[in-house]
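Below is one structure; the comments refer to it alone.
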Amino acid sequence: CANGFADEYVSQKISKTRWRPVSHSSLQQPDIFATGSWDNEDNKISFWSIGNNGTTGMDDGFEGDPQLLCEHKHDGDVLDLQFLDQDRIVTASSTGAVTIFRHHQNSQTISVSQSWARAHRYPCDNAPCTGVVCSSPEIVTVGEDGRIIVFRADQEGVVRVIENADSSTIHAVTYLRTSEILTVNSIGQLKLFDFRQQSNSPSQILSLSGDRVPLHCVDRHPNQQHIVATGGQDGMLCVWDVRQGNTPFSLMEAHSAEMWEVHFHPSNPDHLFTCSEDGSLLHWETSSPSDMPSFLQGGRNNSMISRSAMAPAGGNQSLINAWLSGDSSKGRLETTHMLPSQTLSVNSLDVLGQCLVCGTDGEAIFVNRQVPV
Amino acid sequence: MCMLCLYMDKKKKTTITICLLLMSSFLYIAGTHLGFAWGPGDILVYETLYKASGSGCPCIHEVRKDEDIYSPILRKLFNESHHIFVGLQTIGEDLPSKNKKPQFVSISKNYRSVIRACMEELQQVSILLAIELIWNLCEVLFIDAAPAGSLLLHLLDWVRLHKADVDEKAREVLQSESPAEHHDYWNVVVSYVLQGRLEEARQMLVKQATLQPAARSMYKLMDTLLSKMPFYNPGGTQTLTEFDVKWRHWHEEVDRCLQDNSFASNKHLEVICKILVGDEDTLLEHKDLLSTWYHFLVTRLLFCHPTVKPTELHYYAQSCLTMFLDSRSVPEPLDSILLAAFEFDIHQVIKDCSIALNNWWFVAHLTDLLDHCKLLQSHNLHFGSNLREFLLLEYASGLFTHHSLWQLAVDYFDHCPEFGRVYLELQIERVPLDTERKALKVLRICEQRQMSEQVRSICKIMAMRALRNNRLGSALSWSIRAKDAAFATLISEKFLQDYCARGTFSDLDLIDNLGPAMLLSDRLTFLGKYREFHKLYGEKRSGEAAKLLLSLMTAKIAPRSFWMTLLTDALPLLEQKEVVHLSFQDEDTELTKVELLRLALARNLARAIVKEGTVEA
Numbered sequence: 001c002a003n004g005f006a007d008e009y010v011s012q013k014i015s016k017t018r019w020r021p022v023s024h025s026s027l028q029q030p031d032i033f034a035t036g037s038w039d040n041e042d043n044k045i046s047f048w049s050i051g052n053n054g055t056t057g058m059d060d061g062f063e064g065d066p067q068l069l070c071e072h073k074h075d076g077d078v079l080d081l082q083f084l085d086q087d088r089i090v091t092a093s094s095t096g097a098v099t100i101f102r103h104h105q106n107s108q109t110i111s112v113s114q115s116w117a118r119a120h121r122y123p124c125d126n127a128p129c130t131g132v133v134c135s136s137p138e139i140v141t142v143g144e145d146g147r148i149i150v151f152r153a154d155q156e157g158v159v160r161v162i163e164n165a166d167s168s169t170i171h172a173v174t175y176l177r178t179s180e181i182l183t184v185n186s187i188g189q190l191k192l193f194d195f196r197q198q199s200n201s202p203s204q205i206l207s208l209s210g211d212r213v214p215l216h217c218v219d220r221h222p223n224q225q226h227i228v229a230t231g232g233q234d235g236m237l238c239v240w241d242v243r244q245g246n247t248p249f250s251l252m253e254a255h256s257a258e259m260w261e262v263h264f265h266p267s268n269p270d271h272l273f274t275c276s277e278d279g280s281l282l283h284w285e286t287s288s289p290s291d292m293p294s295f296l297q298g299g300r301n302n303s304m305i306s307r308s309a310m311a312p313a314g315g316n317q318s319l320i321n322a323w324l325s326g327d328s329s330k331g332r333l334e335t336t337h338m339l340p341s342q343t344l345s346v347n348s349l350d351v352l353g354q355c356l357v358c359g360t361d362g363e364a365i366f367v368n369r370q371v372p373v
Numbered sequence: 001m002c003m004l005c006l007y008m009d010k011k012k013k014t015t016i017t018i019c020l021l022l023m024s025s026f027l028y029i030a031g032t033h034l035g036f037a038w039g040p041g042d043i044l045v046y047e048t049l050y051k052a053s054g055s056g057c058p059c060i061h062e063v064r065k066d067e068d069i070y071s072p073i074l075r076k077l078f079n080e081s082h083h084i085f086v087g088l089q090t091i092g093e094d095l096p097s098k099n100k101k102p103q104f105v106s107i108s109k110n111y112r113s114v115i116r117a118c119m120e121e122l123q124q125v126s127i128l129l130a131i132e133l134i135w136n137l138c139e140v141l142f143i144d145a146a147p148a149g150s151l152l153l154h155l156l157d158w159v160r161l162h163k164a165d166v167d168e169k170a171r172e173v174l175q176s177e178s179p180a181e182h183h184d185y186w187n188v189v190v191s192y193v194l195q196g197r198l199e200e201a202r203q204m205l206v207k208q209a210t211l212q213p214a215a216r217s218m219y220k221l222m223d224t225l226l227s228k229m230p231f232y233n234p235g236g237t238q239t240l241t242e243f244d245v246k247w248r249h250w251h252e253e254v255d256r257c258l259q260d261n262s263f264a265s266n267k268h269l270e271v272i273c274k275i276l277v278g279d280e281d282t283l284l285e286h287k288d289l290l291s292t293w294y295h296f297l298v299t300r301l302l303f304c305h306p307t308v309k310p311t312e313l314h315y316y317a318q319s320c321l322t323m324f325l326d327s328r329s330v331p332e333p334l335d336s337i338l339l340a341a342f343e344f345d346i347h348q349v350i351k352d353c354s355i356a357l358n359n360w361w362f363v364a365h366l367t368d369l370l371d372h373c374k375l376l377q378s379h380n381l382h383f384g385s386n387l388r389e390f391l392l393l394e395y396a397s398g399l400f401t402h403h404s405l406w407q408l409a410v411d412y413f414d415h416c417p418e419f420g421r422v423y424l425e426l427q428i429e430r431v432p433l434d435t436e437r438k439a440l441k442v443l444r445i446c447e448q449r450q451m452s453e454q455v456r457s458i459c460k461i462m463a464m465r466a467l468r469n470n471r472l473g474s475a476l477s478w479s480i481r482a483k484d485a486a487f488a489t490l491i492s493e494k495f496l497q498d499y500c501a502r503g504t505f506s507d508l509d510l511i512d513n514l515g516p517a518m519l520l521s522d523r524l525t526f527l528g529k530y531r532e533f534h535k536l537y538g539e540k541r542s543g544e545a546a547k548l549l550l551s552l553m554t555a556k557i558a559p560r561s562f563w564m565t566l567l568t569d570a571l572p573l574l575e576q577k578e579v580v581h582l583s584f585q586d587e588d589t590e591l592t593k594v595e596l597l598r599l600a601l602a603r604n605l606a607r608a609i610v611k612e613g614t615v616e617a
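In order, the protein sequences belong to chains A and B. Residue numbering for the first sequence follows the working numbering, starting at 1 and increasing by one per position. Residue numbering for the second sequence follows the working numbering, starting at 1 and increasing by one per position.
Structure representation (structure tokens):
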């Protein structure tokens with residue numbers, strides 16, 4: 001397959017893909033990922049392997065098409081999916097349920113470990129649970145009902161509910177600090193909630209001064225906790241500094257339709273990835289002013305950018321983060337289309353180490369094992 | 001009145017298709033009266049009150065005519081072919097047709113490889129095999145349009161591809177202890193010869209030759225004949241005529257060997273010699289090895305007329321079909337389709353395939369490709385669209401009934417210039433919207449195609465649903481997307497009613513942050529400004545608060561029912577030393593309010609007069 005991607009048609013529209021986390025100490029590349037489907041009469045969560053680290057005996061030079069390990073029925077669309085730990089995933093369902101599944105590696109089976117049905121609900125209807133984020137054993141979910149719920153794995157009930165956290169749908173949530181979360185909603189606001197406070201009101205609200213464009217995704221910079229990136233209905237990528245109040249530092253035109261996910265690369269945060277309803281997946285790379293000059297090797301589609309000096313593994317440490325420099329025309333920002341050709345909407349992506357996986361509405365999964373980061 | 005009753009009950013998984021030939025809407029099946037109604041991709045069949053026999057509970061059955069789209073493996077076919085289809089539509093128009101041929105051939109091969117990939121996974125392969133066989137032949141005859149010389153080579157490839165059992169048998173024979181004595185040995189050799197795979201035949205014969213040293217010269221002769229058979233080389237310098245001459249010389253040589261009885265002592269080699277010379281009777285004796293009439297056709301052409309022209313094909317095809325099928329067997333649908341192809345009657349091929357197959361996938365994609373190759377005459381059907389569009393619309397409409405594959409159908413409708421848009425407009429509104437995520441995707445499809453009516457309709461549905469669940473922020477968000485001022489007004493009314501009832505605002509996070517959305521409707525603007533007034537008052541900025549209140553009153557955007565409230569709000573500003581808390585339970589509230597207002601206004605007027613009249617000291 002072109003551009004180093006291996007693709008696999010899987011007979012289900014993929015709503016979420018996530019790499020299983022690898023332990024920090026090992027230098028291994030990720031091997032297993034989980035996917036969730038949507039818009040099926042019978043939705044499923046599945047675990048796949050790409051045969052890294054010699055887990056399956058494949059020849060060298062074989063691209064490593066994803067192999068299905070096991071799958072399990074899922075009630076409702078999988079609207080979000082996160083790994084709680086090496087063996088368990090949490091899913092957010094369109095029925096409003098939050099479920100923990102356990103992957104039994106030895107027998108390659110999946111079982112339901114815990115389930116909170118109708119966690120998100122309306123008085124007389126189901127409300128989809130739209131986002132989940134976890135920091136084991138704590139799980140935070142958000143939904144169309146505007147509620148924020150905190151659970152603990154292995155505990156029956158809920159730990160805390162913030163009712164009416166939002167009068168509109170909360171689309172995504174992320175941790176800023178261990179006790180602080182950031183949510184984005186469908187009237188274009190970012191809200192910070194501090195769990196240490198008793199009150200249920202947000203500690204801070206940020207929004208764009210212009211139109212209230214719904215925001216769909218948010219991700220925090222791995223090293224600098226005050227920097228977040230958001231994407232929304234108009235396909236614009238915004239990078240915010242939450243300390244600095246109400247205007248984003250950078251606004252970049254990214255996609256021509258809704259941006260569904262944005263991810264900083266966890267170990268090389270000068271790289272950022274976005275995917276969209278318009279069928280494209282973009283790889284953003286910024287170079288910080290403190291680096292030695294980097295040189296480009298060719299046109300727009302060439303994703304090889306070499307550095308003449310190795311940046312420290314944790315990304316740049318300079319005070320002014322490159323993402324906040326705001327101006328893409330200064331040549332410090334390079335964008336690459338990663339997928340070989342236009343597809344239906346790319347709903348989800350995840351990147352870890354040198355591996356990237358994404359899922360589309362064309363019922364295909366794409367895996368790239370040589371992402372240039 | 002003939003009725004074939006086959007009906008499908010999803011739970012029991014028995015399949016029966018109903019074929020109705022009636023004008024009336026009732027029919028008898030096993031003593032019950034059934035009624036029916038057509039759906040977009042299925043029929044709803046129900047038992048009526050007019051039951052002939054009494055017992056049993058009434059049921060409703062859904063009969064789907066197209067079960068294929070629910071198969072998970074065929075879904076891969078639909079998705080992958082959709083990708084190829086979209087790619088095909090965007091091939092540059094600027095290239096002349098001649099230069100596009102290799103691209104079209106490559107696309108045709110892509111489609112076929114997708115079919116073959118599905119065949120590997122699906123157990124029930126016969127229908128896919130047939131499809132790939134037909135498609136391959138159409139590619140050879142219509143898209144690649146090979147001229148005489150190459151034509152036979154392509155047909156040979158075609159036959160070899162679809163007769164894989166020869167290799168299996170050969171493997172079995174070769175892996176046995178003594179291949180030359182295996183009972184299938186000669187069958188394999190003859191099969192190779194029948195397929196024109198003479199190299200492999202020679203290699204097999206060597207094994208036999210070593211076993212029979214006495215007959216060495218005979219085997220040597222056969223080997224020579226086999227090695228000297230000329231094959232046309234399209235890329236070479238030899239012209240067709242030169243090849244023909246060479247071939248005739250070889251043919252005469254083989255014939256001489258036959259007349260000389262050179263192989264008379266070995267019946268197997270004799271048979272092979274007769275095949276090489278193209279003897280029809282010998283070929284027909286090996287019907288079981290040929291297994292199909294089209295294999296017979298290609299073999300016959302190989303050994304009788306390798307320079308066959310495309311226009312001559314149908315003579316041979318018809319006669320081979322007749323010769324191969326004995327009087328008892330009837331030609332199957334597949335046979336008539338292939339025959340129509342050999343006759344270059346593309347329309348007949350498409351028509352026969354449409355009838356024989358229960359899913360439009362094959363004819364839709366093949367016709368589309370042939371249309372791009374400019375091979376279809378523009379053939380207007382009674383209902384206005386051309387054949388290609390008709391088939392694509394049928395296929396896409398079928399896809400749209402699927403809970404998941406409807407997204408693929410959108411692209412197909414896009415490429416039907418006459419009726420695609422209308423079909424899409426009608427179908428897109430029927431997609432069930434269970435989650436906001438799905439509604440957003442449907443909306444994006446509509447917005448990209450400027451289907452403003454559908455946008456409004458979808459947004460209204462979502463906004464009403466949000467309102468019903470008291471999600472005012474979501475409802476407002478949907479109204480903004482649809483630029484629906486009327487709905488925004490409705491939402492604002494709800495807020496204001498809420499305020500009147502409770503004395504405080506709900507969902508402050510929304511009202512405080514309306515931004516430019518405030519301008520969508522007057523009522524909404526009023527709401528935003530009114531809240532701003534409250535904030536100003538709360539921050540003790542009375543001067544600005546008063547100015548704002550005044551502008552609200554004079555701008556005439558306040559609803560009539562709210563005037564009293566506004567004036568009441570003015571009270572504290574007028575009576576700065578007295579703040580009056582009104583009790584809303586009081587029946588004489590209105591009168592009291594008016595009295596208080598009058599009093600307050602009079603006092604304020606008095607103060608104003610005094611202030612104006614006073615000279616600054």
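The beta-carbon is built from N, C-alpha and C at its ideal position, and this holds for glycine as well.
Sequence ranges, beta strand (DSSP E) only - wholly within the region 142-179 of chain B, length at least 3: Secondary structure in the region 142-179 of chain B: no beta strand (DSSP E) run of 3 residues or longer lies completely within the stretch.
Within 7 Å of chain E by C-beta, residues of the region 134-153 of chain B in sequence order: Given the protein chain composition of this structure (A and B), no chain E is represented.
Cys118(B): CB within 7 Å of a non-hydrogen atom of the ligand SAM: The ligand SAM is absent from the structure shown, which contains no ligands of any kind.
Simplified DSSP state of Met229(B), which is helix, strand or coil: The count along the second sequence starts at 1 and reaches residue 229(B) at position 229. Coil.
Whole-angstrom distance between Ile458(B) and Met304(A), CA atom to CA atom: By 1-based counting over the first sequence, the position of residue 304(A) is 304. By 1-based counting over the second sequence, the position of residue 458(B) is 458. Bear in mind that a pLDDT of 27 at Met304(A), under 50, signals an unreliable position, so the model cannot answer this.
7 Å Cβ cut-off: residues of chain A touching Ile127(B): As a position in the second sequence, residue 127(B) is number 127, starting the count at 1. By Cβ distance, chain A contributes nothing, its closest Cβ being about 18 Å from Ile127(B), past 7 Å.
Test: Gly420(B) CB closer than 8 Å to a CB of chain A: Taking the second sequence and counting its residues from 1, one reaches residue 420(B) at position 420. For Gly420(B), the answer is no, since every Cβ of chain A falls outside 8 Å of its Cβ.
Chain B contact for Asn40(A) (CB, 8 Å cutoff): Within the first sequence, the letter at position 40 stands for residue 40(A). Cβ-Cβ to chain B under 8 Å: yes for Asn40(A).
At least three beta-carbon pairs within less than 8 Å, the region 540-548 of chain B to the region 235-244 of chain A: By the criterion of at least three beta-carbon pairs nearer than 8 Å, the region 540-548 of chain B is not in contact with the region 235-244 of chain A.
For Lys438(B) and Asp39(A), believed in contact at Cβ under 8 Å, the rounded distance: Here residue 39(A) corresponds to residue number 39 of the first sequence, with the count starting at 1. Here residue 438(B) corresponds to residue number 438 of the second sequence, with the count starting at 1. That belief holds up - the Cβ atoms of Asp39(A) and Lys438(B) are roughly 7 Å apart, short of 8 Å.
Segments of 4+ residues assigned as alpha helix (DSSP H) that fall wholly inside the region 127-215 of chain A: The region 127-215 of chain A contains no whole alpha helix (DSSP H) run of 4 or more residues.
Bridge partners - Trp116(A), DSSP secondary structure assignment: Taking the first residue of the first sequence as 1, we reach residue 116(A) at position 116. BP columns for Trp116(A) point to Val98(A).
Distance between beta carbons of Arg118(A) and Ala375(A), contact taken as under 8 Å: Residue 375(A) lies beyond the range of chain A shown here (1 to 373); nothing can be said about it.
Residue environment, Lys191(A), which counts as buried when at least 16 other CB atoms sit within 10 Å: Your numbering for residue 191(A) matches position 191 in the first sequence. With a threshold of 16 other beta carbon atoms within 10 Å, Lys191(A) meets it and is buried.
Environment of Trp361(B) [buried if 16+ CB atoms lie within 10 Å]: The residue you call residue 361(B) lines up with position 361 of the second sequence. With 16 or more other Cβ atoms within 10 Å, it is buried.
Interface positions of the region 337-354 of chain A facing chain B (Cβ-Cβ less than 8 Å), listed along the chain: Result list: Ser341, Gln342, Thr343, Leu344 and Ser345.
C-alpha distance - Asp569(B) paired with Val140(A), whole-angstrom precision: Along the second sequence, one-based indexing puts residue 569(B) at 569. Along the first sequence, one-based indexing puts residue 140(A) at 140. If you take the alpha carbons of Asp569(B) and Val140(A), they lie about 42 Å apart.
Proximity of Ser37(A) and Ser15(A) at Cβ, strictly below 8 Å: Within the first sequence, numbered from 1, the residue matching residue 37(A) stands at position 37. Within the first sequence, numbered from 1, the residue matching residue 15(A) stands at position 15. At the C-beta level, Ser37(A) and Ser15(A) come within 8 Å of one another.
Distance, Val262(A) Cα to Gln233(A) Cα: Within the first sequence, residue 233(A) is the residue found at index 233, counting from 1. Within the first sequence, residue 262(A) is the residue found at index 262, counting from 1. Cα-Cα distance, rounded: 13 Å.
Within-8 Å CB hit, Glu363(A) to chain B: As a first step, residue 363(A) is located in the first sequence; it is residue number 363 there, counting from the start. By this cut-off, Glu363(A) is an interface position.
Between the CA atoms of Thr169(A) and Thr435(B) - distance to the nearest angstrom: Stepping through the second sequence from its first residue, residue 435(B) is reached at position 435. Stepping through the first sequence from its first residue, residue 169(A) is reached at position 169. So the two alpha carbons sit approximately 11 Å from each other.
Contact set between Asp507(B) and chain A, taken where Cβ atoms lie within less than 7 Å: In the second sequence, residue 507(B) corresponds to position 507, counting from 1. By Cβ distance, chain A contributes Ser167.
Distance between beta carbons of Ile461(B) and Ala475(B), contact taken as under 8 Å: Residue numbering aside, residue 475(B) sits at position 475 when the second sequence is read from its first letter. Residue numbering aside, residue 461(B) sits at position 461 when the second sequence is read from its first letter. Not a contact, Cβ separation roughly 11 Å.
Nearest neighbour of Ser291(B), chosen from Arg202(B), Arg160(B), Leu387(B) and Trp247(B) [CA to CA]: Within the second sequence, numbered from 1, the residue matching residue 291(B) stands at position 291. Residue nearest to Ser291(B) within the set Arg202(B), Arg160(B), Leu387(B) and Trp247(B) is Arg160(B) (criterion: CA-CA distance).
Same chain only: Cβ atoms within 6 Å of Ser179(A), ignoring 5 sequence neighbours per side: By one-based count along the first sequence, residue 179(A) stands at place 179. Short of 6 Å from the beta carbon of Ser179(A), and not among the five residues preceding or following it, lie these beta carbons of its own chain, in chain order: Phe195 and Arg196.
Sufficient close CB pairs (3 or more, under 8 Å) joining the region 330-337 of chain B to the region 182-200 of chain B: Taking 8 Å as the limit for Cβ pairs, the verdict is that the region 182-200 of chain B does not touch the region 330-337 of chain B.
Proximal residues, the region 79-112 of chain A versus chain B, C-beta separation under 7 Å: Hits within the stretch, in order: Leu79 and Ser94.
Option in Gly35(B), Lys100(B) and Glu80(B) with minimal Cα separation from Lys374(B): Within the second sequence, numbered from 1, the residue matching residue 374(B) stands at position 374. Nearest to Lys374(B) by alpha-carbon distance, out of Gly35(B), Lys100(B) and Glu80(B), is Lys100(B).
Beta-carbon gap between Ile149(A) and Asn200(A) smaller than 8 Å: Taking the first residue of the first sequence as position 1, residue 149(A) is located at position 149. Taking the first residue of the first sequence as position 1, residue 200(A) is located at position 200. Contact flag unset, no.
Within 8 Å of chain A by C-beta, residues of the region 77-89 of chain B in sequence order: Of all residues in the region 77-89 of chain B, Asn79, Glu80, His82, His83, Val86 and Gly87 have a Cβ within less than 8 Å of some Cβ in chain A.
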